[in-house]
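The structure under discussion appears below in the form of structure tokens.
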Amino acid sequence: GQHPTQTLLDLATMEERFQTLVGLRVVLMGDLRYGRTVHSLAHALGLFGSELTLSSPERLSLPEEVRRDLDQMGAKVTEQPDLEKALRGADVLYVTRIQKERFGDLAEYAKVSGSYRLDPALLRNMKEKFAVMHPLPRVAEIPPEVDRSPHAVYFRQAFLAVPVRMALLSLILTGSVPPGGGR
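Okay, here's the thing in structure tokens:
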């Protein structure tokens, strides 16, 4: 599954923050198997030469077909289950929730549900422009105290959904984007 319009606003958020999409070091964390947003985003970031680090429970790792696509485009992809190690040198942490509704067996969900959670202490030594992103809604993977961090950009990311999707609709319906891109 894919989520292309979410990817457009994710890319807009990153471009706004870093003034480029080329060569970013992005950690994808959480439910990489069922999370449609990370499938689309990984592909797009691969096109921009980003370095992707995957951090998830083994049961929720990125699907093989997505990995194959990334390999075919020459994307640099590594796996690092230890989030602290994964974050070293990163520009972006893209967090996804572990989706309870994807589990037929709640015991299986219970095994992985709390396994990937952002510890706010990990943000202390990050780069100044380091960004924590999330497609929302979140559950417990990002504690509320992270909301006050200058690294938390997920509310800005959500805000950009309307102008990005307005610009996309305008482009589809009229063939052009209004001045300001829908903002």
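To convert, take the position in the sequence shown, counting from 1, and add 4; that gives the working numbering.
For each residue, glycine too, the CB sits at the ideal point set by N, CA and C.
Only a predicted model underlies this, so the values are computations on that prediction, with no experimental measurement involved.
* Whose C-alpha, out of 135, 53, 32, is nearest the C-alpha of residue 100? -> The candidate whose alpha carbon is nearest that of residue 100 is 32.
* Asked: Going by the CB atoms, is the gap between residue 166 and residue 137 shorter than 8 angstroms?
  -> no
* Report yes if the CB atom of residue 81 is closer than 8 angstroms to the CB atom of residue 45, and no otherwise. => Cβ distance not < 8 angstroms, so residue 81 and residue 45 don't count as in contact.
* Rounded separation between residue 133 and residue 11 - CA only -> Straight across, the Cα-Cα distance linking residue 133 with residue 11 is about 20 angstroms.
* Candidates 54, 38, 84, 86, of which the one nearest residue 64 by Cα -> 38
* Of the residues 88, 183, 24, 59, the one placed nearest residue 53, counting alpha carbons only -> 24
* 7 angstroms CB neighbourhood of residue 26 in its chain, flanking five on each side removed -> 52, 53
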